[in-house]
Every structure is written in structure tokens, then in C-alpha cells.
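Here the structure comes first, spelled out in C-alpha cells, and everything after it is commentary.
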Amino acid sequence: MLWPRLEPVELEMRQILQHPEEPQSAVYFIETGWMSMLAYMEDGDAAEVGLVGHEGMLGLQLLLDDILDDLEGMVQCAGTALRLPAAAFQEALEQLPGLRRLLHRYALVQHAQVARTAACNGRHDIAQRLARWLLMAHDRAQDDTYPMTHEFLGMMLGVRRAGVTVAAGTLQKAGLIRYSNGQIAILDRPGLENASCECYGVVRRALDRLFDQGGRRMPYRR
495 MLWPRLEPVE LEMRQILQHP EEPQSAVYFI ETGWMSMLAY MEDGDAAEVG
545 LVGHEGMLGL QLLLDDILDD LEGMVQCAGT ALRLPAAAFQ EALEQLPGLR
595 RLLHRYALVQ HAQVARTAAC NGRHDIAQRL ARWLLMAHDR AQDDTYPMTH
645 EFLGMMLGVR RAGVTVAAGT LQKAGLIRYS NGQIAILDRP GLENASCECY
695 GVVRRALDRL FDQGGRRMPY RR
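Take 495 as the starting number for the sequence shown in our numbering and just add one per residue.
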């Protein structure tokens, strides 16, 4: 019923798949790569409030009576997804109650991620927040090395580039990451987990509970 209507699509870096305050024409089930959910200020500055990868989907507002979302969905790491038109998605929700229940649980996890990101940005230092974000990205990556610029990291953390430089330097000196020429390599994941604040673990456990059906867990790299 659902599978024949899913269309494989390529996701390009910086591609916008959700525009603030605009109707969403399709949902995207991410296969590879990941997306940032961005909140914009009146002056044009933006900060990431959520990250979506192979564990989730873009277009949750269609689950909630097609309300408009004020967040932007931007591809941050190129990959692939399965696209489903909005009408077909809402039809599937009516015919597949199990899908609706699962997505309601996923929506709750996304809410927890947004809330935890806000608390983290207000209470923890930049190096801890950077470690948290790198772990979240690593969970969704297909490799230990992926492209990332100071500009993007500053946007993700809601800080200036100078702050990113200092924080990345701290993690690099500790031997946890290598950062050069717009590439980040994760060298010591356990060490990065120790350098992160507790916020990574809180959201990670919420995702594990969501996917812990019959012994399954969200796959991620060690």
C-alpha cells in the first residue's frame, strides 16, 4: 500500500525541503545523510533546534492536522530519502494505525530533542555542546569523516565562528577529533561522549526506547 508510492530522491547539501510557515507538499523518510531543523530570528540569524537522519522523517506537521511549522528543514549532509506526497501520507495514516502510533512516539522524541537543545544551549559551554552535536551527527553518518564548516557549526550551536574555533581546538588537542579543510573526523568516540554534557545521553536514550521494539535499536557507529 505504502511502498509503491514512495519515490527515491537524492538530497543535496543545503537543499531546503521545508520552508517556514509554508504548506508541506511531501514527507521525507531519510535513508542516508541528515537534515537540520533551523529556527530563524528577525535579523536572519539561525540556530539548529533538531537533527533528523535515518531514524526519522521530515514533515511531522502533516501528522498534526497539517499545521504550519515555523522551522526550516535544510539538508546538512547529502544523502538519500524516500519522498511521499502529503495526500498519500495522510491517507496512509488513516489506513495504518500502527504507523500513526509509531510517528506519534517519534514526534514526542523530536519534541524532547528540541527542548533539550534549548536547555543545553543555555546551560553548557561551547565545547560540551560541540561534542554533543558531533555525536548526534556521527550517529547518522555513514563514515567517521564528513564535511563541516565553521559557518555551519556556528549555526548549529548558535554561536560565533570564533567560539567554534576555540571549542574545536579543545577537542582536537584532546585527540577526540581532527578538524581541517572543512572536514571533521571522529577519532575517539568514547572520549567524545565523556567530553559531552548529559544532554546527548538523554536524547540518545529516548531514541533507543522508540526503536527498542523486539530487541531493535537505532543503528549508530561506535
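From the three backbone atoms N, C-alpha and C, an ideal C-beta is built for every residue, glycine too.
- For residue 574, the enclosing beta strand (DSSP E) stretches over residues 566-579.
- In this structure, residue 576 and residue 504 do not form a Cβ contact; the two beta carbons are roughly 12 angstroms apart against a cut-off of 8 angstroms.
- Among the bridge pairs identified by DSSP, residue 673 is matched with 678.
- With contacts defined by Cβ atoms closer than 9 angstroms, residue 499 and residue 579 form a contacting pair.
- Between residue 535 and residue 542, the gap from beta carbon to beta carbon reaches 9 angstroms or more.
- Residue 618 and residue 691 have their C-alpha atoms some 7 angstroms from each other.
- Boundaries of the beta strand (DSSP E) harbouring residue 501: 501-505, taken from the DSSP string.
- At a Cβ-Cβ threshold of 9 angstroms, residue 533 and residue 506 do not count as neighbours.
- The C-beta separation of residue 676 from residue 642 comes to about 7 angstroms, placing the pair in contact by the 8 angstroms criterion.
- A distance below 6 angstroms between beta-carbons, with the five flanking residues on each side excluded, links residue 647 to the following residues of its chain, in chain order: 658.
- Beta bridge pairing from DSSP links residue 620 with no other residue.
- Within 10 angstroms of the beta-carbon of residue 671 lie 16 or more other beta-carbons, which makes it buried.
- DSSP, reduced to helix, strand and coil, places residue 643 outside both helices and strands of the structure shown, so it counts as coil.
- No residue range can be given for residue 516, since it is assigned to no alpha helix (DSSP H) and is classified by DSSP as neither H nor E.
- Counting C-beta atoms within 10 angstroms of its own C-beta, residue 563 has 16 or more neighbours from the protein chains shown and is therefore classed as buried.
- If you draw a straight line from the Cα of residue 637 to the Cα of residue 526, it comes to about 11 angstroms.
- When secondary structure is reduced to three states using DSSP, residue 588 falls in the helix class.
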